[in-house]
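In this text, residue positions in the sequence shown follow our numbering: the first is 1297, and each later residue adds one. Each residue gets a CB set at the ideal place from its N, CA and C atoms; glycine is no exception. Owing to the predicted nature of the structure, the values given are computational and were not obtained by experimental measurement. Inspection log for the structure reproduced underneath, given as structure tokens.
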Amino acid sequence: MKITIFGDICPTKDTQAAFDRGDRESIFGDTLKEIESSDIVIGNLECAVTDQPKPIQKAGPVLYTGIRSMQTLKDFDVLSIANNHIRDCGDEGVMTVLETCKKLGIRTLGAGKSMQEARKPLVIEKCGIKIGLMSFAEQEFNIASDTRPGACYLDLYDDFDRIRDFRKTVDYLIILYHGGIEYFPYASPELSRKCRKMVDCGADLVSCQHSHCIGTIERYKGGTIVYGQGNSVFGYRDGDNSWNRGLLLQVELQKAENSSSYNSSFTYKGMVATPNGLRWMSEDTSENLSNELRAREQLSQNRVAVQKEWDKFCANLGKIHLPLLLGWPRILIAINRRTGNLLIKMLYGRLAHNNTHNLIRCEAHKEVIENLLSKKDFS
């Protein structure tokens, strides 16, 4: 049995027309044969679906597509919809995804009409093997509640126990985690702890999506963790190799004769977005990617080295994140970025720094801040 897993899929300006006319060849290109030859095809739909878009108020871009474009994904067996854009058009955008996929015979995972529905895992049995699927997203403007549709998040108090219990009911467990910081090719310290814990609890394969870049592949205690699958179908950006590259993940399972055991193997294929659809990486590019991934995996075993990479990445990102945290207007954020964090150094004193750090680090203070900011009027 062959399982094929795509990363982030979202119609964009350059692919929307092909989605609307159902032109799978123009979108999936070389990978179409893998879709047709696989027993189970899985992907992450990174957008809301609606013909009457009513975008919510949020930070970041609003992503959605129309109902007609979903016909292009009819050959997918499962779509994970636990991601940071599933609620971009509110309740209607989530419910339309669920209803449209049901009509097309596509099973969904990681989001639902309530948190109870969103948390339900999925079991697919083929060739005498039970495949378990779970999906989680980090918390942005996307999360379901007891009365609101949306995505489920990883509850650190409950979900590791759920993973452990669910693993007992299946033969092979795949977890899709929509999280991690964008454009960082390693696992942040927190992301590494989460994903390794998933393997400790029984996951055989954990794939992190959302980062928009190919990350690190780690073999850990008999499991495989992909810290960044990269984009699959998310438009083409001229000259942006990081954005245009992604991994197609594949798992092959074969049951042993006269036995309840099975053999498993994990592989990946590098693919590149082009104006004419997805194409396999050239032989030279594939070899270079393999060397990159080996080097990253080796470095990832050195916690001090990874921490240095993380510190350097955060320092650069801080030119934008810190002004955003302080509520600065765009013009000041742009100036701070171009001057290498000069405004922050001049205007953000030690006392303000300590107070802000304490508010977001301390669990009790953080809980108050999250409650206040979740309200439309917190005055």
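Check                                                                                                                            : Outcome
Whole-Å CB distance - residue 1310 paired with residue 1344, under 8 Å assumed                                                   : Wrong, their Cβ atoms sit about 19 Å apart, outside the cutoff.
Length of the line joining the Cα atoms of residue 1508 and residue 1449                                                         : 20 Å
Anticipated Cβ contact below 8 Å, residue 1548 with residue 1557, distance rounded                                               : With a Cβ gap of about 15 Å, residue 1548 and residue 1557 do not count as contacting.
Identity of the residue in 1543, 1338 and 1362 nearest residue 1348 by Cα                                                        : 1362
DSSP-derived helix/strand/coil call for residue 1352                                                                             : coil
Inter-stretch contact at 8 Å, needing at least 3 Cβ pairs: the segment 1521-1529 / the segment 1480-1490                         : yes
Selection from 1468, 1335, 1305 and 1336 that minimises the alpha carbon distance to residue 1324                                : 1305
Residue 1336 beta carbon less than 8 Å from that of residue 1545                                                                 : no
Burial state of residue 1378, where buried means 16 or more other Cβ atoms lie within 10 Å                                       : buried
Cβ distance (whole Å) where residue 1434 is taken to contact residue 1474 below 8 Å                                              : 7 Å
Proximity of residue 1499 and residue 1471 at Cβ, strictly below 8 Å                                                             : yes
Proximity below 8 Å, CB of residue 1542 to CB of residue 1526                                                                    : yes
Residues near residue 1592 by beta carbon distance below 6 Å, same chain, minus five either side                                 : 1512
Residue span of the beta strand (DSSP E) that contains residue 1422, given as start and end                                      : 1418-1422
DSSP-derived helix/strand/coil call for residue 1477                                                                             : coil
Cut-off 6 Å between Cβ atoms - residues of its own chain near residue 1662, not counting five sequence neighbours on either side : 1656
DSSP state of residue 1462 mapped onto helix, strand, coil                                                                       : helix
Proximal residues to residue 1314 (C-beta, below 7 Å), its chain only, five neighbours per side dropped                          : 1322 and 1323
Bridge partner(s) assigned by DSSP for residue 1402                                                                              : In DSSP, residue 1402 forms no bridge with anything.
Cβ shell of residue 1296 (< 6 Å), same chain only, five flanking positions each side left out                                    : No statement about residue 1296 is possible, as the shown extent of the chain runs from 1297 to 1675 and does not include it.
Any 3 or more C-beta pairs closer than 8 Å across the segment 1386-1403 and the segment 1453-1460                                : no
Buried or exposed by the 16-neighbour rule on C-beta atoms within 10 Å, applied to residue 1330                                  : buried
Proximity to residue 1369 [Cα-Cα], best of 1358, 1319 and 1407                                                                   : 1319
Supposed contact pair residue 1585 and residue 1577 - C-beta distance, whole angstroms, cut 8 Å                                  : 7 Å
Which of helix, strand or coil DSSP assigns to residue 1327                                                                      : helix
Cβ-based neighbour list, residue 1408, same chain, cut-off 6 Å, excluding 5 preceding and 5 following                            : 1414
Residue interval of the alpha helix (DSSP H) (run including residue 1576)                                                        : It is not in any alpha helix (DSSP H) - residue 1576 instead sits in the beta strand (DSSP E) that spans 1573-1576.
DSSP state of residue 1304 mapped onto helix, strand, coil                                                                       : strand
Beta strand (DSSP E) segment containing residue 1504, residue limits                                                             : 1501-1505
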